[in-house]
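Colleague: Got a structure for you, written out below as structure tokens; questions coming shortly.
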Amino acid sequence: MSEQLKERQAATAAATQLRTDGYATLPDIFSPAEIAALLRTIQSADAAAPNFRRSQDVFAIRNLLGELPQLWPQLLTPRLRAVLTDLFPGQEPHLVKAIYFDKPAGSNWLVAWHQDVMVAVNQRQDLPGYGPWSRKNDETTVLPPAEILTSIVTLRLHLDDCDATNGALRVVPGSHRHGVIPNDQHPEFTGRAITCAVSAGGLQLMKPLTLHASQRSTSTRPRRVVHLEFSAAELPTGLQWRERLALLPEPEKAELAAATPE
Ligand SMILES: O=C(O)CCC(=O)C(=O)O
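Quick note: the sequence shown uses the numbering used here, first residue 330, plus one each step.
Okay, here's the thing in structure tokens:
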């Protein structure tokens with residue numbers, strides 16, 4: 330069987346697992362050279378901007394592609410595009426959020442159990458099914474209707490080998506099928522959590538409603554992740570995903586279009 334066919338089969342199996350369990354992993358989507366190039370771009374950033382948060386326990390860049398637009402073509406490799414095609418068959422997904430998380434060696438940063446239920450939008454607009462609203466650090470977020478939340482798929486690209494010792498994400502399989510779970514009910518679910526080890530270059534896929542958390546690091550290795558959220562859904566007129574980015578045309582298609590006379 331060709332490598333390409335094996336990859337397509339793995340991606341189809343991951344898309345099925347994502348629907349059932351709310352998470353899946355896909356190894357070897359980015360090569361060591363592609364990871365090194367991404368890290369060079371991230372390390373070249375001017376860390377003084379307000380979207381950068383640096384402490385001894387975490388370095389995070391919010392609105393990552395707004396801060397570092399040159400990362401977008403680096404991330405949109407043919408392999409990543411193929412994964413998106415499997416995850417959004419017959420649809421045109423766009424990016425709706427991007428964050429960089431560096432949990433350094435020995436970090437005390439832990440993230441408690443939660444679901445990702447708020448989406449970042451351009452403005453507050455009272456609409457049926459949208460709310461509550463929140464405004465923090467100049468950013469408006471809202472709990473959208475279920476069809477918008479369930480349209481989102483998170484792809485976490487791991488830039489380092491990651492396991493339970495350096496803060497791998499823990500998830501509760503199937504929890505995304507229970508809608509928004511009140512905090513006081515989390516303990517009913519978290520007893521069956523599993524740890525998602527992912528090697529460098531691999532992707533962890535996750536539905537935003539999957540209950541997830543991450544532990545402190547007891548390792549000497551960092552855990553660097555590019556967290557990307559995609560959706561093919563559009564918001565009602567007037568409301569826009571705050572970080573919305575369309576996929577760039579594939580280079581060969583763009584070349585073909587440029588060479589074809591109208
Ligand atoms: O990267 C982590 O450890 C946690 C991130 C997370 O939970 C989130 O972005 O919702």
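The C-beta atom is built at its ideal place from N, Cα and C for all residues, glycine as well.
1. Taking the beta carbon of Lys465 as the centre, do at least 16 other beta carbons fall within 10 Å, making it buried, or is it exposed?
2. Is the Cβ-Cβ distance between Gly460 and Gly351 less than 8 Å?
3. What residue from Ser373, Arg571, Leu334 and Thr349 has the CA that sits closest to Thr470's CA?
4. Ligand 1 heavy atoms versus the CB of Lys432: any closer than 7 Å?
5. What is the rounded straight-line gap between the Cα of Phe614 and the Cα of Arg408?
6. Report all residues from its chain with a CB closer than 8 Å to the CB of Gly435; omit the five preceding and five following residues, and keep chain order.
7. Taking the continuous beta strand (DSSP E) assigned at Ile390, which residues delimit it?
8. For Glu396, count neighbouring C-beta atoms within 10 Å of its own C-beta (all shown protein chains included) and say buried if the count is 16 or more, exposed if not.
9. Looking only at its own chain, which residues have a Cβ that is under 6 Å from the Cβ of Trp462, when we skip the five neighbours before and after it?
10. Should Val440 be counted as a contact of ligand 1 given a C-beta to heavy atom distance under 7 Å?
11. Pull up the distance between the alpha-carbon of Val440 and that of His541, whole angstroms please.
12. Between Asp415 and the rest of its own chain, which residues show a CB-CB distance below 8 Å, the 5 nearest in sequence each way excluded?
13. Measuring only from the beta carbon, is Ile364 closer than 7 Å to any heavy atom that is part of ligand 1?
14. Please state the DSSP three-state secondary structure of Glu336.
15. Taking buried to mean at least 16 other C-beta atoms within 10 Å of its own C-beta, is Leu484 buried or exposed?
16. For Trp401, name the three-state secondary structure that DSSP assigns.
17. Considering only residues of the same chain and omitting the five flanking positions on each side of Leu498, which have a CB-CB separation below 6 Å?
18. Could you name the residues of the same chain whose beta carbon sits closer than 6 Å to that of Gln328, not counting the 5 residues immediately before and after it, in chain order?
19. Looking at Gln444 and Pro537, is the spacing between their C-beta atoms short of 8 Å?
20. Check each candidate in Pro473, Leu424 and Lys335 and name the one with the smallest Cα separation from Met447.
21. Kindly list the residues whose CB is nearer than 8 Å to the CB of Ser480, restricted to its own chain and excluding five residues on each side of it in sequence; keep chain order.
22. Cβ-heavy atom distance between His541 and ligand 1 below 7 Å?
Modeller: Concretely, from the data shown:
1. exposed
2. No, the pair does not count as a contact, with Cβ atoms beyond the cut-off.
3. Arg571
4. yes
5. No information on residue 614 is available, as it lies outside the stretch 330 to 591 that the chain covers here.
6. Ser546, Thr547, Ser548 and Thr549
7. Phe388 to Ile390
8. buried
9. Arg453 and Val471
10. In terms of side-chain proximity, the C-beta atom of Val440 is found nearer than 7 Å to a non-hydrogen atom of ligand 1.
11. 8 Å
12. Arg337, Ala340, Thr341, Ala343 and Ala344
13. Answer for Ile364: no, Cβ out of range of ligand 1.
14. helix
15. buried
16. helix
17. Cys525, His541 and Ser543
18. In the structure as shown, the chain begins at 330 and stops at 591. Residue 328 is therefore absent and cannot be evaluated.
19. Yes, these two residues count as a Cβ contact at 8 Å.
20. Pro473
21. Ser560, Ala561 and Ala562
22. yes
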